[in-house]
Amino acid sequence: MRVLITAVLLAWLIAPAMGHAAGPADVERALADLAGSDADRREAAVAVLGNTRDPKWLAFLSALRDGNVYVRKAPQTAPPGRSAPETAHPRSKPDSRTPLQIVVAGAKSTQGDKDVVEIKGASDGATLGTVAVADLTEIAADRRLRIAIKPFLDADETRGQLANPDPAARKGAAVKLGNQADAAAAPTVEAALAAEADPWVRHALAEALALIRLAHGDAAARVVAAGTLGGLHSLNAVPALKRLESDGAASAAERTAAATAIKQIERWTFLTTTLETAFQGASLASILLLMALGLAIVFGLMGVINMAHGELMALGAYTTFVVQNWFRTAWPGAFDAYFLLALPLSFLVAGAAGLVLERGVIRHLYGRPLETLLLTWGASLVIQQGLRLWFGAANVDVSSPRWLSGGVPVMVGLTLPYNRVFIIGLAAVSVAAMYWLLFRSTAGLRIRAVTQNRAMSACLGVRAPLVDATTFALGAGLAGLAGCALTQIGNVGPSLGQNYIVDSFMVVVTGGVGKLAGTILAAAGIGGLNKGIEPALGAVFAKVAILVAVILFLQRRPAGLFATRGRNADA
Amino acid sequence: MAVYSRRDFLKGSLAAGAGVAALGFPSIITAQSKEPIKVGVLHSLSGTMAISEVSLRDVVLMAIEEINAKGGVMGRKLQPVVVDPASNWDLFAEKAKQLLLQDKVAVTFGCWTSVSRKSVLPVFENNNGLLFYPVQYEGEECSKNVFYTGATPNQQLIPAAEYMMSKEGGSYKKFYLLGTDYVFPRTANKILRAYLLAKGVPKDSIEEEYTPFNHQDYQTIVGKIKRFASGGGAAVLSTINGDSNVPFYKEFGNQGLRSENAPIMAFSVAEDELRGMDTSALVGHLAAWNYYQSVDTPQNKKFVNAFKEYCVKNNLPGGAKRVTDDPIEAGYFGVYVWKQAVEKAKSIEVDAVRKAVYGQEFLAPGGKIKMDEANHHTYKPVLIGEILKDGQFKVVSKSKGLVKAEPWSEYTSPDKGCDWVKQKGTYQKKA
Numbered sequence: 248m249r250v251l252i253t254a255v256l257l258a259w260l261i262a263p264a265m266g267h268a269a270g271p272a273d274v275e276r277a278l279a280d281l282a283g284s285d286a287d288r289r290e291a292a293v294a295v296l297g298n299t300r301d302p303k304w305l306a307f308l309s310a311l312r313d314g315n316v317y318v319r320k321a322p323q324t325a326p327p328g329r330s331a332p333e334t335a336h337p338r339s340k341p342d343s344r345t346p347l348q349i350v351v352a353g354a355k356s357t358q359g360d361k362d363v364v365e366i367k368g369a370s371d372g373a374t375l376g377t378v379a380v381a382d383l384t385e386i387a388a389d390r391r392l393r394i395a396i397k398p399f400l401d402a403d404e405t406r407g408q409l410a411n412p413d414p415a416a417r418k419g420a421a422v423k424l425g426n427q428a429d430a431a432a433a434p435t436v437e438a439a440l441a442a443e444a445d446p447w448v449r450h451a452l453a454e455a456l457a458l459i460r461l462a463h464g465d466a467a468a469r470v471v472a473a474g475t476l477g478g479l480h481s482l483n484a485v486p487a488l489k490r491l492e493s494d495g496a497a498s499a500a501e502r503t504a505a506a507t508a509i510k511q512i513e514r515w516t517f518l519t520t521t522l523e524t525a526f527q528g529a530s531l532a533s534i535l536l537l538m539a540l541g542l543a544i545v546f547g548l549m550g551v552i553n554m555a556h557g558e559l560m561a562l563g564a565y566t567t568f569v570v571q572n573w574f575r576t577a578w579p580g581a582f583d584a585y586f587l588l589a590l591p592l593s594f595l596v597a598g599a600a601g602l603v604l605e606r607g608v609i610r611h612l613y614g615r616p617l618e619t620l621l622l623t624w625g626a627s628l629v630i631q632q633g634l635r636l637w638f639g640a641a642n643v644d645v646s647s648p649r650w651l652s653g654g655v656p657v658m659v660g661l662t663l664p665y666n667r668v669f670i671i672g673l674a675a676v677s678v679a680a681m682y683w684l685l686f687r688s689t690a691g692l693r694i695r696a697v698t699q700n701r702a703m704s705a706c707l708g709v710r711a712p713l714v715d716a717t718t719f720a721l722g723a724g725l726a727g728l729a730g731c732a733l734t735q736i737g738n739v740g741p742s743l744g745q746n747y748i749v750d751s752f753m754v755v756v757t758g759g760v761g762k763l764a765g766t767i768l769a770a771a772g773i774g775g776l777n778k779g780i781e782p783a784l785g786a787v788f789a790k791v792a793i794l795v796a797v798i799l800f801l802q803r804r805p806a807g808l809f810a811t812r813g814r815n816a817d818a
Numbered sequence: 282m283a284v285y286s287r288r289d290f291l292k293g294s295l296a297a298g299a300g301v302a303a304l305g306f307p308s309i310i311t312a313q314s315k316e317p318i319k320v321g322v323l324h325s326l327s328g329t330m331a332i333s334e335v336s337l338r339d340v341v342l343m344a345i346e347e348i349n350a351k352g353g354v355m356g357r358k359l360q361p362v363v364v365d366p367a368s369n370w371d372l373f374a375e376k377a378k379q380l381l382l383q384d385k386v387a388v389t390f391g392c393w394t395s396v397s398r399k400s401v402l403p404v405f406e407n408n409n410g411l412l413f414y415p416v417q418y419e420g421e422e423c424s425k426n427v428f429y430t431g432a433t434p435n436q437q438l439i440p441a442a443e444y445m446m447s448k449e450g451g452s453y454k455k456f457y458l459l460g461t462d463y464v465f466p467r468t469a470n471k472i473l474r475a476y477l478l479a480k481g482v483p484k485d486s487i488e489e490e491y492t493p494f495n496h497q498d499y500q501t502i503v504g505k506i507k508r509f510a511s512g513g514g515a516a517v518l519s520t521i522n523g524d525s526n527v528p529f530y531k532e533f534g535n536q537g538l539r540s541e542n543a544p545i546m547a548f549s550v551a552e553d554e555l556r557g558m559d560t561s562a563l564v565g566h567l568a569a570w571n572y573y574q575s576v577d578t579p580q581n582k583k584f585v586n587a588f589k590e591y592c593v594k595n596n597l598p599g600g601a602k603r604v605t606d607d608p609i610e611a612g613y614f615g616v617y618v619w620k621q622a623v624e625k626a627k628s629i630e631v632d633a634v635r636k637a638v639y640g641q642e643f644l645a646p647g648g649k650i651k652m653d654e655a656n657h658h659t660y661k662p663v664l665i666g667e668i669l670k671d672g673q674f675k676v677v678s679k680s681k682g683l684v685k686a687e688p689w690s691e692y693t694s695p696d697k698g699c700d701w702v703k704q705k706g707t708y709q710k711k712a
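For the record, the sequence lines run as chains F and P.
The first sequence begins at 248 in the working numbering and counts up by one.
The second sequence begins at 282 in the working numbering and counts up by one.
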């Protein structure tokens, strides 16, 4: 049986014209067999139908697999003037004397207490109207039949994917063909390779072709294929190459070629893995930095321990959600652009919330860190519950715009996800903007002046309360921005803030209160260390190890990486 | 609330009276039969598990409402006693005690996580209570006071792994077992590993990894899976808990992995969790359950509509957008199984009801189910589903008939069995 399927598949892939050899009579016979009970003939019938490569019959097989193909007695072709509706004479079972008709079911519905279904003729696709399900007998696709159907649909799907406009889909199909290493697929791959323009898809196709040759070529072809795979740095080929290397029947030349190729690929994999880990560290660091930046400014410059920082992030995330829904209904065509509007809006919304918080309550409690801590914690609960009441307790879904989905392949075996690249960029821009604002602008000068000596600044004409308000709003806005960015990698729910607040505080405290450079360095250190040990120890232990490292570090240096010397260190 | 008509009442008390007469101690029960039967509902309505458990409370209350509308059980109305253990395991035990000793409920429907079930177990056993537990779990338990209407490992994990290894499922040969770090994934992976090894999968083709709760950064793990899956034939068996799935599937797609080359088979992602997710990254991946909302049976159509209507009518969040899933269905038919058992036993007394549950059959929304004759679990069908864009599942494989539950997996504890008829719970099988 297996041989039959392989043979059919082979014939089908190599020579499309051959596939059409099955005449209409064969198809009719196959259909009749399908309705029968002989399992072997049913299976052969599937092969005949799949063999046609006709999209119509492939769709039929797909319907068969899903249990949407039925058989019924063909209604007698009523002579004109005499109507004999078939349903008027319900008979128990279709018997062999009346011709059988095979139909494909479409939409099901309920009429009164009967389930009815729209049907179409299997051969001609003619609409046959709506009939009661009870009058039909399902052609059940059992396990064996489904297995027989699978290769035909798979091959069709792969062919479709190879022609897909999306390069990622084409690449996926090429990788699949390479992994299957089916000799029959070689011409398909060659044809696709000739037509392909995208370098990464070309790479995957070349790899697939070499893998096929490695599996099915003669000794000389295998040596060449191994060399090619080595040159392509093909990680996918390692298992096949290893098999060849340890294959006692293979010639010395083949084994040497395989060993060389494996070495070449392993060196390359080491390089890509190292780069990948470095990128992952940078990505985690950038996320930590974005989360901690606003907190560092508020905590460092104003001495306010803002427990509501996480909820301000959640506000930014929900703003993104609202903007997304807005675009989805109002401008579905420009949906991908929603994120560009969501970024500034989430900054503004969270900033405004921060302003209200500061003007409303926090300003009355400056210089009383414990009270502000309790107060902001209370505020965090209020915001959280507010979000829960307004949006529901369940998480909401934020779709990534297309330009933040997928990744950019930079070298063989290394793909950098767009969303992470974007967040690294966003973190860099935010830090640069903060530096400029704090150290190059007049407003920053005022902020620093108030931080260092509030009374003296006020004497010199700086409006200290205004500076406080803007600084707090700025910190809150940064939290909103971080929340917006986080929608692209994680969940959005009312408790989003709680998941991130601990990490944010860890970064700020490790970095040293009040030092932007400390925050950056701490984020990079924690991110890098985490990703550096995770491959070896696993995610759970990496987290534990980081916490232990931070605790030990703070015992040695309680003030963090960059201790602030002077009066506000003990404030 | 249903109107409690006089005729129903009379019918009920007649039935109860007849039953009692047969049993021979009339005075006690006829005196009680006017009162409603108290039924406990022990699901977290706040805290981390609220997302999942609130739906179970909703469906249990709906089933109770349906039963009351049709005259109740033995002519007596059911009166739900809803408590909120707030996702706090100690509180679960306290609330269970309150239900049993203070409210004196006849039966309790409740729990989701294994740790909450473990925490109430001694309470139910010491006070001879009755708990219906509706969630698939890791097995290795056989309590006299619990009926498990969710799946055991051999009704979910093993068939899924079997499917992935079969020709139909894609003949996968390497398996990455990935889970959140707590009891269900740990035990599930222990069983899966034992099964895969028994089926001849070499040791180095199985990789096992855990992440903390609420884990968000799956970069390293997806990178590892990518290298693991090179060369093809690799699948991921995921017991990752609800929340962490979005970052995981997103990262999976973004790093260039696709379901046709490395499919993820999930054991903890159902329709209710998919409600809050952007499903685009999940499409084409698989899940294994015993019920889906998309199951095409007339009674399921009615059930799904009834649940949506119930949510709209009671102004529950989500309203008509609410979906049903496997634990919701198991929670629902649990109530009916108990009702049938009470009617068969003609008593709400725990030991009588317990014996009446054995072998009880019910036409559940997903198809007929049957309670085991001895081991307190449920015969269920096993369905492998593929995730669709709309957060629903397309069934791609279905077990032949119902699968018997094995609380003790034959792969990890081949010497143990569970039987409350011929044995006293868990017993040692003779070699």
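Glycine residues also receive a C-beta, built at the ideal position from the N, C-alpha and C atoms.
It should be emphasised that the depicted structure is a prediction, and the values quoted were computed from it without experimental measurement.
Chain F beta carbons: is any one of them nearer than 8 Å to that of P/GLN497? yes
Residues bridged to F/VAL350 [DSSP beta-bridge criterion]: Here F/VAL350 is bridged, per DSSP, to F/TYR317, F/GLY368.
Less than 8 Å between CB atoms is the rule here; does F/ALA439 satisfy it with respect to chain P? no
Take P/THR468 and list the residues in its own chain whose beta-carbon comes closer than 7 Å to its own, dropping the five residues that flank it on each side. GLU419, GLU421
Please report how far the alpha carbon of P/GLY353 lies from the alpha carbon of P/ILE545, in whole angstroms. 44 Å
Spatially closest choice to F/ARG460 from F/ALA286, F/TYR747, F/GLY474, F/THR576, by CA coordinates: Between F/ARG460 and the set F/ALA286, F/TYR747, F/GLY474, F/THR576, the nearest pair of CA atoms involves F/GLY474.
May I ask you to report which of helix, strand or coil DSSP gives F/ASP465? coil
Closest Cβ-Cβ distance between F/ARG417 and chain C: below 8 Å? Of the chains in the structure shown, none is chain C; the protein chains are F and P.
Report the neighbours of F/ASN411 on chain P: residues whose CB is nearer than 9 Å to its CB, in chain order. Here the premise fails: no neighbours, minimum Cβ distance about 12 Å.
Can you grab the Cα-Cα spacing for the pair F/VAL760 / F/GLY547, in whole Å? 5 Å
Can you find a CB in chain P that lies within less than 8 Å of the CB of F/GLY376? no
Give me whichever residues DSSP pairs with P/GLU667 in a beta bridge. P/LEU567, P/LYS675
Since P/ALA551 and P/ASP606 should fall inside the 8 Å C-beta cutoff, what is the C-beta to C-beta distance between them, to a whole number of angstroms? Rounded, the Cβ-Cβ distance is 4 Å, consistent with contact.
Output yes or no for whether 8 Å exceeds the beta carbon distance between F/LEU562 and F/GLY774. no
Cutoff 8 Å: F/SER704 Cβ touching any chain P Cβ: So, not an interface residue.
Can you check whether the C-beta of P/SER561 is within less than 8 Å of a C-beta belonging to chain F? With 8 Å as the cut-off, P/SER561 counts as an interface residue toward chain F.
Contact set for P/LEU359: own chain, Cβ-Cβ below 7 Å, skip 5 residues either direction: PRO317, ILE318, VAL320, ILE345, ILE348, ASN349, GLY353
The segment 746-755 of chain F / the segment 572-587 of chain F touching (three or more Cβ pairs under 8 Å): no
Beta-carbon of P/LYS670 versus every beta-carbon of chain F: anything under 8 Å? no
Would you kindly work out how many angstroms separate the C-alpha atoms of F/LEU305 and F/THR299, rounded to a whole number? 8 Å
Using a threshold of 8 Å, state whether the C-beta atoms of P/ASP485 and P/SER333 are closer than that. The answer is no: Cβ separation not under 8 Å.
How about F/ILE798: is its C-beta nearer than 8 Å to some C-beta of chain P? no
Neighbourhood of F/GLN735 by C-beta, 6 Å cutoff - its chain only, sequence neighbours within 5 removed: SER647, LEU651, ASN666
Taking one C-beta from the segment 439-455 of chain F and one from the segment 557-568 of chain P each time, how about it: are there three or more such pairs within less than 8 Å? These segments do not touch.
DSSP beta-bridge partners of F/THR567: Beta-bridge pairing links F/THR567 to no other residue.
Could you tell me which chain F residues have their CB closer than 7 Å to the CB of P/PRO361, listed as they occur along the chain? In chain order: nothing, as chain F lies at least about 21 Å away.
Helix, strand or coil: which one does DSSP assign to P/PRO403? helix
Does the segment 450-469 of chain P come within contact of the segment 509-520 of chain P, defined as at least 3 CB pairs closer than 8 Å? yes
Establish whether the CB of F/THR510 and some CB of chain P are separated by less than 8 Å. Checking the displayed sequence, the identity of residue 510 of chain F turns out to be Lys instead of Thr. Output row for F/LYS510: interface = no.
Can you give me the Cβ contacts of F/LEU622 inside the same chain, cut-off strictly under 8 Å, excluding the 5 residues immediately before and after it? VAL608, ILE609, LEU612
Relative to the C-alpha of F/LEU559, which residue among F/MET538, F/LEU482, F/ARG575 is closest? Of F/MET538, F/LEU482, F/ARG575, the residue nearest in Cα terms is F/MET538.
Using three-state DSSP, classify P/GLY599 as helix, strand or coil. coil
In three-state DSSP terms, what is F/ARG687? helix
Using a cut-off of 9 Å between C-beta atoms, extract the partners of F/THR435 located in chain P. Simply none; closest approach about 16 Å.
Nearest-angstrom Cα distance between F/ALA487 and P/ASN535? 26 Å
Going by C-alpha distance, which of P/LEU326, P/VAL322, P/PRO608, P/GLY481 is nearest P/LYS385? P/VAL322
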